[in-house]
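Report on one structure; see the data block that follows.
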Amino acid sequence: GLEVLSHVVLGDPPAHAGTGHVGEVHTYPIELQAGQSLRVIAEEYGVNLTLKLFAPDGTVVTGANGLLAGHEKEEISVVAETSGGFRLEIEATAGPERRYRLQIDAPREAREEDRLRAEAVRALWIGLNGPFPNSDEGRRQQISVLEPALALWEQLREPRQSAEALVVLGRKRRLLTDYARAAEDYRRAAALWGSQPDRQARIWQALCLNGAGLSLKLAERREEARKSYEEALAVAREVDDDVQQASILTN
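Using the working numbering, read the sequence shown as starting at 34 and increasing by one per residue.
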């Protein structure tokens with residue numbers, strides 16, 4: 034079943050550790066006063082988690098489910114608009130290990146940065162998870178959400194969340210045949226992933242360089258595409274990722 038490796042609460046405990054099996058949900062009740070901020074981080078260990086925070090009236094306030102399935106630090110930040118009992122739900126959707134480490138910061142009076150982070154988290158949650166129609170109009174809607182999300186994460190100087198927004202922007206723009214801007218998004222994302230020390234980030238760096246290469250190829254900028262493919266292949270070989278290498282070599 035799903036296992037909590039450790040449950041760290043900073044300050045006055047606002048929650049309790051849950052138990053459950055795969056497919057079930059761990060639930061953490063949290064009391065908040067209007068104007069208080071809350072930050073939750075769930076570190077994945079081989080399990081893909083979806084986090085949702087429910088308001089006292091049962092509506093979803095915010096959530097998190099990033100691109101690095103099984104290797105993410107999923108974060109929820111919120112500033113409560115009303116007082117009462119909130120509910121954090123953590124669901125394991127996939128992954129062989131089914132373990133995570135949870136940190137819940139004690140609620141505090143919200144500061145300006147807390148409000149900015151809460152806005153950024155919600156914008157990225159909506160931008161990555163939608164739902165959006167599977168159409169050109171839906172893709173434009175998704176871009177209109179992700180662009181301000183990216184600006185917020187850049188303001189917070191958070192490279193990983195910025196990179197995730199850029200990846201999806203690149204995907205959607207390529208589907209809209211905006212190949213030049215798609216390539217730019219992928220290249221920017223690759224640079225951010227490349228600044229991170231872990232192997233998963235480097236795998237995403239290779240994926241983004243490959244995406245940039247494909248976008249440039251579709252834009253008939255073949256020499257730039259070739260260089261991007263070569264960069265992608267070098268990174269994929271460096272991290273010994275056979276899947277990425279095969280994908281790059283087929284382009």
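Note that CB positions come from ideal geometry on N, CA and C, so glycine has one too.
Indicate the three-state DSSP secondary structure (helix, strand or coil) for residue i in the structure shown.
{"i": "Q66", "result": "coil"}
{"i": "N30", "result": "The structure shown has nothing for residue 30, since the chain only spans 34 to 284."}
{"i": "S168", "result": "coil"}
{"i": "S280", "result": "helix"}
{"i": "D147", "result": "helix"}
{"i": "H54", "result": "Low confidence applies to H54: its pLDDT is 49, below 50, so where it sits in the model is not reliable enough to give any reading."}
{"i": "A234", "result": "helix"}
{"i": "E32", "result": "No statement about residue 32 is possible, as the shown extent of the chain runs from 34 to 284 and does not include it."}
{"i": "Q136", "result": "strand"}
{"i": "G160", "result": "helix"}
Can you give me the C-alpha to C-alpha distance between residue i and residue j, rounded to a whole angstrom?
{"i": "S195", "j": "E180", "result": "10 Å"}
{"i": "A278", "j": "L242", "result": "Looking at the sequence itself, residue 278 is Gln, so the reference to Ala does not match. Spanning the two alpha carbons is a distance of roughly 12 Å."}
{"i": "F119", "j": "W186", "result": "25 Å"}
{"i": "R132", "j": "L100", "result": "18 Å"}
{"i": "L189", "j": "L149", "result": "8 Å"}
{"i": "S280", "j": "Q238", "result": "14 Å"}
{"i": "V111", "j": "E64", "result": "13 Å"}
{"i": "G79", "j": "Q233", "result": "12 Å"}
{"i": "E264", "j": "A223", "result": "10 Å"}
{"i": "D138", "j": "L282", "result": "45 Å"}
{"i": "A184", "j": "E170", "result": "22 Å"}
{"i": "R172", "j": "R193", "result": "22 Å"}
{"i": "E253", "j": "R214", "result": "14 Å"}
{"i": "G91", "j": "I176", "result": "28 Å"}
{"i": "L202", "j": "K260", "result": "22 Å"}
{"i": "Q136", "j": "K205", "result": "33 Å"}
{"i": "R134", "j": "R255", "result": "45 Å"}
{"i": "L266", "j": "W226", "result": "15 Å"}
{"i": "E145", "j": "P62", "result": "25 Å"}
{"i": "Y262", "j": "N284", "result": "8 Å"}
Just to confirm, is the Cβ distance from residue i to residue j under 7 Å?
{"i": "E257", "j": "L249", "result": "yes"}
{"i": "D274", "j": "I236", "result": "yes"}
{"i": "E77", "j": "E122", "result": "no"}
{"i": "A245", "j": "R270", "result": "no"}
{"i": "V58", "j": "E107", "result": "no"}
Could you tell me how far apart the beta carbons of residue i and residue j are, in whole angstroms, since I believe they sit closer than 8 Å?
{"i": "L82", "j": "I109", "result": "About 11 Å separates the two Cβ atoms, so there is no contact after all."}
{"i": "P89", "j": "G117", "result": "3 Å"}
{"i": "V93", "j": "L84", "result": "Actually they are not in contact, since the Cβ atoms of V93 and L84 sit about 11 Å apart, beyond 8 Å."}
{"i": "P140", "j": "S228", "result": "Actually they do not touch by this definition, with Cβ atoms about 32 Å apart."}
{"i": "N162", "j": "N98", "result": "6 Å"}
{"i": "T95", "j": "V154", "result": "6 Å"}
Apart from the five residues on each side of it in sequence, which residues of its chain come closer than 6 Å, Cβ to Cβ, to residue i?
{"i": "A182", "result": "A156, L157, G160, A198"}
{"i": "A113", "result": "L65, A67, Q69"}
{"i": "E217", "result": "none"}
{"i": "A102", "result": "N81"}
Might you give, ordered along the chain, the residues of its own chain that have their beta carbon closer than 8 Å to the beta carbon of residue i, omitting 5 neighbours on each side?
{"i": "L251", "result": "R207, T210, Y212"}
{"i": "Q174", "result": "F165, P166"}
Given 6 Å as the limit, tell me if residue i has its C-beta closer than that to any heavy atom belonging to the ligand GTP.
{"i": "D147", "result": "Although the ligand GTP was asked about, the structure shown includes no ligands whatsoever."}
Suppose the cutoff is 7 Å on Cβ atoms and the five residues either side in sequence are ignored; what does the same chain contact list for residue i look like?
{"i": "V268", "result": "R235, Q238, A239, L242"}
{"i": "A143", "result": "G68, Q69, S70, V112"}
{"i": "T126", "result": "N81, T83"}
{"i": "V200", "result": "L100, A222, C241"}
{"i": "E152", "result": "L185"}
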